[in-house]
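Peer 1:
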Ligand SMILES: [Zn+2]
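Numbering (mature numbering (1 follows the signal peptide of the UniProt record, and there is no 0)), first residue to last: -20 to -1, 1 to 304.
1) According to DSSP, simplified to helix, strand and coil, what is residue 144?
2) For ligand 1, any of its heavy atoms closer than 8 Å to the Cβ of residue -3?
3) Using 8 Å as the cut-off, classify the Cβ of residue 107 as near or not near the heavy atoms of ligand 1, replying yes or no.
4) Start and end of the alpha helix (DSSP H) containing residue 178?
5) Out of curiosity, what's the CA-to-CA distance linking residue 201 and residue 129?
6) Just mark residue -6 as buried or exposed, buried being the case when its beta carbon has 16 or more other beta carbons within 10 Å.
7) In three-state terms, what does DSSP make of residue 96?
8) Go through its chain and collect everything with a Cβ distance to residue 155's Cβ below 8 Å, but skip five positions before and after it.
9) Out of 12, -4 and -11, point me to the one whose CA is closest to residue 32's CA.
10) Evaluate contact between the segment 174 to 188 and the segment 63 to 71, counting only Cβ atoms and requiring at least three cross-stretch pairs below 8 Å.
11) In whole angstroms, give me the CA-to-CA distance for residue 126 and residue 110.
12) Relative to the C-alpha of residue 208, which candidate in 30, 76, 64 and 50 has its C-alpha closest?
13) Look at the Cβ atom of residue 274, then the Cβ atom of residue 228, and state whether they are nearer than 9 Å.
14) Contact check, residue 235 vs residue 192 under 8 Å by CB: the rounded distance?
15) Report buried or exposed for residue 59, applying the criterion of at least 16 other Cβ atoms within 10 angstroms of its Cβ.
16) Under a Cβ-count criterion, where at least 16 other Cβ atoms within 10 Å of its own Cβ denotes burial, should residue 212 be classed as buried or exposed?
17) When we look at the beta-carbon of residue 133 and count the other beta-carbons within 10 Å, is it buried (16 or more) or exposed?
18) When every heavy atom of ligand 1 is checked, does at least one fall within less than 8 Å of the C-beta of residue 70?
19) Go through its chain and collect everything with a Cβ distance to residue 298's Cβ below 6 Å, but skip five positions before and after it.
20) Please confirm if the segment 114 to 121 is in contact with the segment 2 to 18, defined as three or more CB-CB distances below 8 Å between the two stretches.
21) For the candidate residues 1, 230, 265 and 145, whose alpha-carbon lies nearest to that of residue 65?
22) Identify, in the order they occur along the chain, each residue of the same chain with its Cβ nearer than 7 Å to the Cβ of residue 253, setting aside the five sequence neighbours on each side.
As structure tokens, then:
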């Protein structure tokens, strides 16, 4: 047990209170605590990255994004409820390895979900299981709780990084055409998906000291997977080879190909927003910081192994990895 052991429960109860959700949905506090306790416990504290602190971090970011004036004015209590729930539960029971690993080791989850959004489907189905077991929504009409479960699924499944381009292009198109109508439930749902995707990958938009720790943690998780793959004589997955994939190289690829394109559009959507402006500032500074570190890393590497044929680790496009 650590000081983090009730972090997610405390944060969620606080946010639910602040947003008036307990009153609005007439939630039973005992059931709410039971549900959140189960979610918190199902995160693996031994994962360097995909643990309950990441869930709390994403939930905190999600709350801030839902407060953006452009969005906040239009959101219903149901939207806010689903947004926060999806953020808190989006990585629950994450095994600390990515989908390609589950597929090549013939993990039962890969066959259960037919090699498609394996982890995200598992996070969603686990959440639904805990919702039903806790009875948190049992006082609501069946049609309503079913709709909530489906919407949670659609939000959590949107965090699958392999679907990044699909969401980015649709978002960009809406902004170009200026045709987002947040009176429409379907458009609000789309914006919840985008907000959750942003929250999930917002680490590089935080101050350097914090951002750096998350970067090191996610790479540590990749390297652990790489070590497992070596141990079982499997091909080492992209970004998982500690000798070839340096933290700065991984981060520069991740920022350039995944984080920056999405946050540029988010910035355009929220404008004028001080928060988005600050996040873009951090993002650019952090990227420059990693570039500098990669340069010094490569230089000292070259000096140390001047005869080595080892090439400079290239920034991969990041899409092959499963960063969030
Ligand atoms: Zn995540």
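By construction, the Cβ of each residue, glycine as well, lies at the ideal position given by its N, Cα and C atoms.
The structure presented is a predicted model; accordingly, all values stated were derived computationally and were not measured.
Peer 2: On the basis of the coordinates in this document:
1) helix
2) no
3) no
4) 165 to 180
5) 30 Å
6) buried
7) coil
8) 245, 248 and 249
9) -11
10) yes
11) 14 Å
12) 76
13) yes
14) About 13 Å separates the two Cβ atoms, so there is no contact after all.
15) buried
16) exposed
17) buried
18) yes
19) Summary for residue 298: the model assigns pLDDT 39, below 50, so the residue's position carries little reliability, and this model does not support an answer.
20) yes
21) 1
22) 48
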